[in-house]
Structures are given as structure tokens and as C-alpha cells.
RNA sequence: GUGGGUGUAGCUCAGCAGGUUAGAGCGUCGGGUUGUGGCCCCGGAGGCCGUGAGUUCGAACCUCACCACUCACCCCA
């Protein structure tokens, strides 16, 4: 083996890919129910897009981006998250002119140069959802309802935590209060918090260190500093969540890693993923579109991690396989040739057909049929073929019936396809 | 970027205090059934024992370095 996959980059093998398809299918259906439409955007963007949206001093921008200089000198970056490219596309194509509220989703790979661990990779995949143009609390509740619907229809159980980060009107006062509090407690904080104090004060509230946690019990609460508008908004979101019977917990210590969030933020959490707890997260970003040079429109969105979702499904032994309809087991040259024609005609009519061309024993072919989880096996033997017949075996009931191999291939295959696909 | 753990067959792992031809289960291929899968029985293929150096009469096993994977910190989906 000369070349192996890069660190943090993983192959998704067929068995696992089936599980991914299940997740994607369920998600797409639900997004559709809420009126979200797919948008597909590039993986590569100008570096400035992410620097401006995510925040210059975030870990992502400072040290985790896959950035490089293009041949013409532009600094390009493989997207570390999905919101910025979607908003860029929204602005670039004036999508606000098309309808008052744009509900979009996209899915695909994201890239962050981190040290890999359970549920964390350098190339990972997200389903990312954005609702642009609405600032009503109803849309906040709706988007959380949608996220939890995906989770519950996947048969998973995670908890929803919410918070409000305020707006440019009320956050500065809270920030100041927090800074003052941290200054008073300087010296008794853990080294990490000491560092966060300057870089991202909000983050200290999320510290896992026990002594810090004990100390922060008395820290100023963002909830207490919300301006009347933000407080009202948050209250409305809460009451809708209750009305929709969506269980949640307010976590005043919850902060998000990206700078652009305002007001409502939320996380879908589990404790079944090792150190990783979030399977999905998001929030409101009311100033972001304008900040990126677009119209002054509010927005809210969230992302779910495909690896984390499939990890949770796999943890509960969830399996998914792709079964075929018919395996054609041919015995002998003439049967093989006939089988090729039958298989093609059936496939043209929507039937999933597999056969083996190597002239293996019937036993071996039966095993292959079982491995493909085939519903039927059509056994074409030399004796039957001479009499214009074959044997159709139902792999579950073990019932076998003779079938006539009509010379009229089209009529024959149409009839059989109709029966199989019924 | 910082720590811990682990590297033996395609997969999961044994390998007793260093001793000759390195094992099991699963999978795979073939046979038992001139033409019938998931159970059973028999057999075959498949290993630079992560890489390199060292200690030793002798190393999968001990030492060191490197590499890879993995878990955790940090951060996040």
C-alpha cells in the first residue's frame, strides 16, 4: 500500500453508505414538508467569505481552514461550514427577489484541519438548512421542530438545548458585565479560561473544569441582560416550542463557535458520541447577510453532522442493505447467453437484476444471490432451457415454480417485471 | 498544537516468563449434494507479526526511534 487516505479523511464503504442514504432520504422528505428546497453550492470559495462570516478570531478561521493560493494568486478555502456559501449564493443571485422568505438546504462535505477523534474528522459532512427573510419567533420554533422531526423519524433520541445570545443592542452590556466578572475572578480561573477571557469571553461559560463551573454559577447571565425585544422574542420561541410539544431545556451557558449568531441558538445533544455531544446545532444570524454585502435580511439556520447521525444509528445496530429483485443463475454457455438477454430486458423495465458470468457452480451462485439479499433467483439450467423453461425460486419461502421462457422477450419481461414490482 | 492507548490474515482478536513450520472465529474460495443460499461437516487460499535499528545463540514478544491508527484536551456538526 503506497498511498493511503489522508488523516481525518474516510472512505464510506457500501454498507455504511446505505445508512447514509437512509438519513439523507428521511431528511430530504422532512425538509420538503417544511417547504425547504435544495441548493447546491461550490466546495471552494474565496477565503475572505469565511473570514468575514465565521469571524477572524475563531479557531476555525485562525488555524483550521484548508486554504491555499490559487494559480492566479487568490486565496481560496475549502468550505469549513455551509452557511456562508449558501448566503453568498443567495446574495449573488438576488434570491430575495424571488420570494419573501427563502428556505434552503444543502448537504455535502466540509473541511477543517483538526485532530481527528470519535465523531470528528477533517472531511466531514453536514446537512445545512437556512431560512432567510423571516425574523418572527415562529420560524425559530419551526426550524427547531423540523430538526427534531428529522431526529425522531430516524428513531434517535437527543435533547434540545436553547439559548439567546441577544443582539447588537444588548450583547455589549452583557459582554462588559462578563468581562468585569472575569476580571474579579482573574487568577482563580483555569489556564484555558484565562486564555478565553481575552479571546472569546462567552466561551468560558462552557468550560468543563469543575472549579470554573462552580465559580460561574454566579456569573452574569445573558438571559438577564437581554433587551426587551430579544427577551420577548425568546419568550415567544419558548411558548411555541411548548405549544408544539417539543421538549427543550434553556441553557444560559450555551455559546456557539461562530461569531455570527444572534438571538436564538440551539443544539441537539447526545452523550453517546464520546467527547462529541452535538449532532446538530444552529441559530439566528440577523446581521450576517448585510455584513456579507447583501440586503439587510434576518436569517436562521442549523446544520446536522452526517457522521454523527450515522454513528448514532450504527450504535443501535441499525443496518441498511440494498436488496435486488432477481439473481439469474445460469448453468452452461447457452443459459448464460440467454440470461444476459433476460437480465437486460428486465432491467430496462425497472427490475434490479444481478448475475455472475464466471460459470460458477449453482451452489456458489445461490450464495451470491443470498448475499445480494435477492428476493428471487431465476435458475436457467440446460435441460429446462432446451424445453423453453426455467425455475423461479422465492428466496424467502423457498418455493420454486417453473416459468416459461417465451421467445417474445419484450412481452415476457414486461409481464414478469409487472409481477415482481407489484 | 498537547497528552494517553494500540499496531499479528479482508474483519475481530489469541499468542502463556523471548525458543524451531505464527493460531482461532468470522468472511472468502472449493468439496460433501454431475444443478439449489442462510444450518452442519471437510478442505484450500490468504500474514515483510506497522517500519527501521539495537539487545540476544535465538525477537511477534525486550529496548529505542519513526510512522500509522485511535481516544482525550482544545474546538466543534
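Residue numbers (this note's numbering): -19 to 402.
All C-beta atoms in this analysis are idealised placements derived from N, C-alpha and C, irrespective of residue type, glycine included.
It should be emphasised that the depicted structure is a prediction, and the values quoted were computed from it without experimental measurement.
- Contact between residue 341 and residue 306 does not hold, since the beta-carbon distance rounds to 19 angstroms and is not under 8 angstroms.
- Beta-bridge pairing by DSSP links residue 283 to 108, 261.
- 185 is the residue among 234, 142, 185, 1 whose C-alpha sits nearest the C-alpha of residue 161.
- For residue 85, the enclosing beta strand (DSSP E) begins and ends at 82 to 91.
- Here residue 97 is actually not in contact with residue 284; their C-beta atoms are around 19 angstroms apart, not less than 8 angstroms.
- Secondary structure within the segment 192 to 230: the alpha helix (DSSP H) runs of 4 or more consecutive residues, fully enclosed, are 202 to 205, 208 to 223 (chain order).
- Per DSSP, reduced to three states, the secondary structure at residue 161 is helical.
- Assignment of residue 46 by DSSP, reduced to helix, strand and coil, places it in the strand class.
- When DSSP reads this structure, residue 144 sits in a beta bridge with 244.
- Listed in chain order, the alpha helix (DSSP H) elements of length 4 or more contained wholly in the segment 358 to 389 are 362 to 366.
- Bounds of the beta strand (DSSP E) holding residue 58 are 55 to 58.
- The continuous beta strand (DSSP E) containing residue 26 extends over residues 24 to 26.
- Annotated as proximal: residue 25 and residue 59, with beta-carbon spacing under 8 angstroms.
- Inclusion of residue 117 and residue 65 in the CB contact set at 8 angstroms is not warranted, their separation being larger than that value.
- In this structure, the beta-carbon distance from residue 120 to residue 278 does not fall below 8 angstroms.
- The C-beta separation of residue 239 from residue 35 comes to about 3 angstroms, placing the pair in contact by the 8 angstroms criterion.
- Counting C-beta pairs closer than 8 angstroms gives fewer than three between the segment 149 to 167 and the segment 259 to 270, which falls short of the contact rule.
- The straight-line gap separating the alpha-carbon atoms of residue 130 and residue 201 is approximately 31 angstroms.
- In summary, residue 112 is buried, with 16 or more beta-carbon neighbours lying within 10 Å of its beta-carbon over all protein chains present.
- Under DSSP, the beta-bridge partners assigned to residue 139 are 249.
- In this model, residue 29 and residue 289 are separated by some 28 angstroms (Cα to Cα).
- With a cut-off of 8 angstroms on Cβ pairs, the segment 206 to 217 is not in contact with the segment 251 to 263, counting fewer than three such pairs.
- Here residue 311 is buried. Its C-beta has 16 or more other C-beta atoms within 10 Å.
- Taking the Cα positions, residue 12 is about 26 angstroms away from residue 274.
- If you draw a straight line from the Cα of residue 328 to the Cα of residue 308, it comes to about 15 angstroms.
- A Cβ-Cβ contact shorter than 8 angstroms links residue 63 with residue 281.
- Beta-bridge analysis with DSSP links residue 333 to 306.
- Ranked by how close their Cα comes to the Cα of residue 373, the residues 350, 390, -11 have 350 in first place.
- Per DSSP, the unbroken alpha helix (DSSP H) holding residue 6 starts and ends at -6 to 13.
- Shown here, residue 236 sits in coil according to DSSP, grouped into three states, outside any helix or strand.
- In the three-state reduction of the DSSP assignment, residue 297 falls in the coil class.
- Below 8 angstroms, too few C-beta pairs join the segment 229 to 239 and the segment 70 to 81 to call them touching: fewer than three.
- If you draw a straight line from the Cα of residue 362 to the Cα of residue 368, it comes to about 10 angstroms.
- Counting along the chain, the unbroken alpha helix (DSSP H) around residue 66 starts and ends at 63 to 72.
- Between residue 149 and the set 266, 215, 261, the nearest pair of CA atoms involves 266.
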